[in-house]
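Note that the sequence shown covers residues 7 to 392 in the numbering used here.
Okay, structure first, notes after.
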Amino acid sequence: MPDGQPTIGRSKPIAFIDLDAQRRRLDGRVEAAIQRVVSQGAFILGPEVAALERRLEAFTGAAACVTCASGTDALALALMVKDVGPGEAVLVPSFTFAATAEVVVRQGAVPVFLDVCPDTFTLTPDALDAGVAAARAHGLRPVGVIPVDLFGQPAPYATLGPAAAALGLWVLADAAQSLGATLDGRPVGVLADVTATSFFPSKPLGCYGDGGALLLADAALAGVVRSLRAHGQGAEKYDTVRIGVNSRLDTLQAAILLEKLAIFPDEIVARTAIAARYGRLLGETVPVPVLAAGITSTWAQYTIRCPAATRGQIAARLRAAGVPTGIYYPKPLHRQPAYRGFPVAGGAAPVADRLAGEVLSLPMHAYLDEETQDRIVDAVRAVVGP
Ligand SMILES: *Cc1c(COP(=O)(O)O)cnc(C)c1O
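Printed below as a string of structure tokens:
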């Protein structure tokens, strides 16, 4: 969410994420798609849902895609497939959105919070040992790890995967922010055996409500997930073979996403250019995002770091100049009231603590023109110079 609505003088308000500009570019195609679904009336699991799943398989290279009602549900369905439960621990970064840990608790298991890399803000393989040790010290069996592709940058799966496997842990990628990104030329969706993503409106590929998907390396699992998302349905509609949930992507959202996916590769190119320009213009002024070698990001957020004591002042000055900002995340999960009681690997997560005080996300979307970007950059420079 933007940190307040910008309104200032004669200049046009700057959008944190400009969904209107995207809608203008789509030029009526989304409205037409919505109208088609309304006329057909196949609101639940209509043909657009399967069509989107096939398109996402082609887009990512995953063996199978199963859509569902949200990114949170995609994570939850993955844990249901893995049969995660009481007595087990799942390692998660502390510097993430609550959903990453919430799904673990809802399965009756325990999240163990890990610190993140100070440069990329993602989990690194060296964090896993302390997580396993913390789980065991609490009498829990560590079973898996959920790396988060924070702000659109994939976690280092090439090294995380083998390190997790050596510890007997599965890897579930939380790619809610990174669909469309790559690591060493391989797309998000094939970087882990199971990948969860989100179509929340402000994500790089967003729908007009809630939505999510699982991308799977094992096509045989897709049938289980399809059953779980529809109340554990078997071969026949009223044949119930497992305890499931109700978590389907609406046909309307699938129809909207099909139109948006068609322009998504172009949008990623634009986001990449905008991020590179931010880097050139701000790199001397503030610490700008760092991508690990071999990474392309989808820039779900463009997040600078400010000295902690000055962040509030910088955000206020930007707001006064009509520039909305966001703070992702003001508190690491291990400090949130709901999650304070869970184990923290090594007893502390100092990087997550520091980042929570320093991060500030600037407006970022595919339709940010140079003039607007210059206004944003000038406003940042006016506070923190040069
Ligand atoms: C957005 C997000 C989710 C949850 O996605 P929803 O579609 O909002 O349920 C999970 N993890 C991360 C890191 C996210 O950013």
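Ideal Cβ placement from N, Cα and C applies to all residues, glycine included.
Please read these numbers as outputs of a predicted model, since none were measured by experiment.
Classify residue i: buried if its beta carbon has 16 or more other beta carbons within 10 angstroms, exposed otherwise.
i           : result
residue 218 : buried
residue 296 : exposed
residue 56  : exposed
residue 19  : exposed
residue 206 : buried
residue 343 : exposed
residue 391 : exposed
residue 15  : Residue confidence for residue 15 is low, a pLDDT of 43 falling below 50, so the modelled location carries little weight; the figure read from the coordinates is stated next. Flag for residue 15 reads exposed.
residue 144 : exposed
residue 386 : buried
residue 95  : buried
residue 242 : exposed
residue 47  : exposed
residue 254 : buried
residue 262 : buried
residue 336 : exposed
residue 320 : buried
residue 348 : buried
residue 44  : exposed
residue 34  : exposed
residue 148 : buried
residue 280 : buried
residue 39  : buried
residue 273 : buried
residue 379 : buried
residue 162 : buried
residue 318 : exposed
residue 141 : buried
Measure the CB-CB distance between residue i and residue j and report whether it falls below 9 angstroms.
i           : j           : result
residue 164 : residue 300 : yes
residue 179 : residue 197 : yes
residue 92  : residue 107 : no
residue 266 : residue 32  : yes
residue 216 : residue 183 : no
residue 374 : residue 98  : no
residue 311 : residue 361 : yes
residue 100 : residue 120 : yes
residue 160 : residue 65  : no
residue 71  : residue 59  : yes
residue 78  : residue 105 : yes
residue 268 : residue 372 : no
residue 146 : residue 115 : yes
residue 125 : residue 298 : yes
residue 111 : residue 128 : no
residue 223 : residue 69  : yes
residue 22  : residue 356 : no
residue 284 : residue 122 : no
residue 50  : residue 256 : yes
residue 37  : residue 221 : no
residue 359 : residue 346 : no
residue 264 : residue 30  : no
Can you name the residues that DSSP bridges to residue i?
i           : result
residue 119 : 98 and 350
residue 239 : 246
residue 301 : 189
residue 220 : 72 and 202
residue 309 : 367
residue 147 : 94
residue 256 : 50
residue 178 : 200
residue 332 : 367
residue 36  : Per DSSP, none; premise fails for residue 36.
residue 154 : 180
Please determine, among the options, the residue with the shortest C-alpha to C-alpha distance to residue i.
i           : options               : result
residue 103 : 71, 65 and 157        : 157
residue 365 : 307, 243, 340 and 225 : 307
residue 316 : 384, 292, 380 and 271 : 292
residue 289 : 243, 114, 309 and 65  : 309
residue 185 : 125, 305, 70 and 121  : 305
residue 26  : 95, 192, 212 and 51   : 212
residue 181 : 345, 325 and 152      : 152
residue 74  : 40, 228, 133 and 160  : 228
residue 176 : 87, 250 and 44        : 87
residue 352 : 241, 126, 138 and 78  : 138
residue 109 : 68, 76 and 355        : 76
residue 328 : 243, 381 and 123      : 381
residue 188 : 29, 112, 271 and 320  : 271
residue 236 : 247, 230 and 252      : 252
residue 247 : 90, 257 and 233       : 233
residue 150 : 90, 140, 209 and 142  : 90
residue 167 : 200, 210 and 136      : 200
residue 389 : 377, 370 and 325      : 325
residue 313 : 52, 240 and 363       : 363
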